[in-house]
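Report on the structure given below.
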Amino acid sequence: MELGARAAEQFARTVEPSARDAESGARTAELFAPNAELGARTAELFAPNAELGAPTAELFAPNAELGA
Numbered sequence: 011m012e013l014g015a016r017a018a019e020q021f022a023r024t025v026e027p028s029a030r031d032a033e034s035g036a037r038t039a040e041l042f043a044p045n046a047e048l049g050a051r052t053a054e055l056f057a058p059n060a061e062l063g064a065p066t067a068e069l070f071a072p073n074a075e076l077g078a
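The opening position of the sequence shown corresponds to residue 11 in our numbering, with each subsequent residue numbered one higher.
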């Protein structure tokens with residue numbers, strides 16, 4: 011019986027840190043959620059730059075030809 015009690019105690023000590031890790035992970039995810047929102051908004055703000063990039067590349071293509 012004593013062996014079973016010690017095993018149960020050891021198991022409890024093993025589970026406790028895992029529970030703390032899970033709690034810590036949840037708090038970390040909560041802290042970083044605003045970053046994901048900001049990332050999406052930033053991508054939205056810079057989308058017009060991508061559209062402008064193609065015509066700009068076309069405008070500068072003759073320079074590349076002249077450089078060669």
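The beta carbon of each residue, even a glycine, is placed where N, CA and C say it ideally should be.
- Distance between G14 and A50, taken at the CA atoms: about 53 Å.
- Bounds of the alpha helix (DSSP H) holding A17 are 12-77.
- Rounded to the nearest angstrom, the gap between the Cα atoms of A18 and T24 is 10 Å.
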